[in-house]
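Participant:
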Amino acid sequence: MTTTEIRMARDERDRAAVFVIRGAVFVAEQEVPIEEEWDERDATADHLLALDGGVPVGTVRLVDLGGGTGLLGRLAVLPKGRGNGTGAALVRAAEERARERGLGAVELHAQTHALGFYAQLGYTAHGEEFLDAGIPHLHMVRELG
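Quick note, the sequence shown lines up with residues 1 to 145 if you use UniProt numbering.
1) Please confirm whether Gly-73 and Leu-103 have their CB atoms less than 8 Å apart.
2) Straight-line CA distance for Gln-111 to Gly-68?
3) Taking the continuous alpha helix (DSSP H) assigned at Gln-120, which residues delimit it?
4) Just to confirm before moving on: does the CB-CB distance between Val-60 and Leu-78 stay below 8 Å?
5) On the DSSP bridge assignment, give the partners of Ala-89 in chain order.
6) Buried or exposed for Phe-26, going by 16 or more other Cβ atoms inside 10 Å?
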């Protein structure tokens, strides 16, 4: 039995794994244009990495938007890490990191097919549907307690 570890990406090797996972999920699977996948926020964001038996299987990033709010994004889990709680563990770890940073709320832009996943984790949708990289999304938010 393997165990999943969630931790901050702590060196160049970890950061490379983050971008490989995001490339595999967003660029290869979902056909997001590569120039839209990486942005200026990557340089200052907190990147978390999920490892299953020491092998990277998922990632998420947290951006401090200022005003006490964090933006959770770029949640990506490779097929071998899906269906076992890795995605939820990454969200919870990002929320904990937001608390450590003194943030009181986390926002995200959810692909509409993932609304149920985020709703189960306590996120509430608001606003109008919008397209990001040609994929329908909704804004969601969760106040941290």
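Using N, Cα and C, we set each Cβ at its ideal position, and we do this for glycine too. No experiment lies behind these values; they were computed from the predicted model shown.
Facilitator: If we stick to the structure as given:
1) Taking the C-beta atoms as reference points, Leu-103 is found no nearer than 8 Å to Gly-73.
2) 24 Å
3) Here the alpha helix (DSSP H) through Gln-120 covers 115 to 120.
4) no
5) BP columns for Ala-89 are empty, so no partner.
6) buried
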